[in-house]
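S.K.:
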């Protein structure tokens with residue numbers, strides 16, 4: 004098996020175990036058995052399970068949710084939020100995300116890897132918002148960090164608390180609410 008093929012096989016195995024059985028079930032031995040990659044090779048590539056899992060999940064999420072660039076802020080945010088909310092169509096992915104968030108609260112080593120992955124997703128939105136500022140779609144003084152929180156906050160809150168569904172159909176309305184605020188809109 005070529006080195007890149009082995010690397011990709013280990014990442015796929017880590018994600019499959021994560022989504023089927025949860026983070027606690029991911030072991031280097033299990034990834035090695037499922038991928039056909041030697042344990043020593045896996046240990047050489049990743050210093051710990053947290054880095055293996057988050058690299059694997061990071062690659063997968065990047066494929067599932069590429070960075071939008073339509074040239075329009077509303078379309079970019081709607082595409083991103085629709086894809087983000089699309090996780091609701093896959094209960095195993097929802098369970099995996101809940102498990103990752105829980106683990107990040109308990110394990111400082113995992114928290115570091117998890118936060119690095121979260122930052123890659125935040126960076127995509129930072130680019131979207133910064134591009135909109137540069138194009139005059141948003142005011143130059145928009146707090147980009149807070150705007151990003153306003154995108155991810157409802158997602159994570161609904162994912163973890165489960166008080167309301169996560170539904171891709173809601174993406175358009177949520178983006179509209181974000182961009183137009185809570186003020187009463189005057190009829191056009």
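In this note's numbering, the protein residues as written are 4 to 191.
All C-beta atoms in this analysis are idealised placements derived from N, C-alpha and C, irrespective of residue type, glycine included.
1) Would the stretch 63 to 73 and the stretch 159 to 176 be scored as touching if the rule is three or more Cβ pairs under 8 Å?
2) Pick out whichever of 41, 28, 73 has its Cα sitting closest to the Cα of residue 52.
3) Determine the contact status of residue 19 and residue 7, defining contact as a CB-CB distance below 9 Å.
4) Can you tell me whether DSSP reads residue 73 as helix, strand or coil?
5) Going along the chain, which residues of its own chain have a beta-carbon closer than 7 Å to the beta-carbon of residue 157, five neighbours each way excluded?
6) Determine, using beta-carbon pairs with one atom in the stretch 128 to 139 and one in the stretch 39 to 55, whether at least three such pairs fall under 8 Å.
7) In angstroms with no decimal places, state the Cα-to-Cα distance between residue 99 and residue 180.
8) So residue 50 is in the alpha helix (DSSP H); what residue range does that whole segment cover?
9) What's the call for residue 115, buried or exposed, on a 16-neighbour Cβ count within 10 Å?
10) For the candidate residues 112, 172, 104, whose alpha-carbon lies nearest to that of residue 121?
11) Comparing the C-beta of residue 31 with each C-beta of chain B, is any distance below 9 Å?
12) Helix, strand or coil for residue 143 per DSSP?
M.R.: This is what the structure holds:
1) Result no; under three Cβ-Cβ pairs closer than 8 Å.
2) Here residue 52 refers to the residue found at position 49 when the chain shown is read from its first residue. Ranking 41, 28, 73 by Cα distance to residue 52 puts 28 first.
3) Here residue 19 corresponds to residue number 16 of the chain shown, with the count starting at 1. Here residue 7 corresponds to residue number 4 of the chain shown, with the count starting at 1. Remark: C-beta atoms of residue 19 and residue 7 do not approach each other more closely than 9 Å.
4) Within the chain shown, numbered from 1, the residue matching residue 73 stands at position 70. Three-state result, residue 73: coil.
5) In the chain shown, counting from the first residue as 1, residue 157 sits at position 154. If we look at residue 157 and ignore the five residues flanking it on each side, its Cβ neighbours are 177.
6) No, because fewer than three Cβ pairs between the stretch 128 to 139 and the stretch 39 to 55 fall closer than 8 Å, the two stretches do not touch.
7) Here residue 99 corresponds to residue number 96 of the chain shown, with the count starting at 1. Here residue 180 corresponds to residue number 177 of the chain shown, with the count starting at 1. Their Cα atoms are separated by approximately 28 Å.
8) What you label residue 50 is simply residue 47 of the chain shown in a count that begins at 1. Here residue 50 belongs to no alpha helix (DSSP H), and DSSP marks it neither H nor E.
9) By one-based count along the chain shown, residue 115 stands at place 112. Its Cβ having fewer than 16 others within 10 Å, residue 115 is exposed.
10) For the purposes of this step, residue 121 is identified with residue 118 of the chain shown, where counting begins at 1. Here the closest residue by C-alpha is 104.
11) The structure shown contains no chain B; it holds only a single protein chain.
12) For the purposes of this step, residue 143 is taken as the residue at position 140 of the chain shown. Residue 143 sits in coil when the DSSP states are folded into three classes, being neither helix nor strand.
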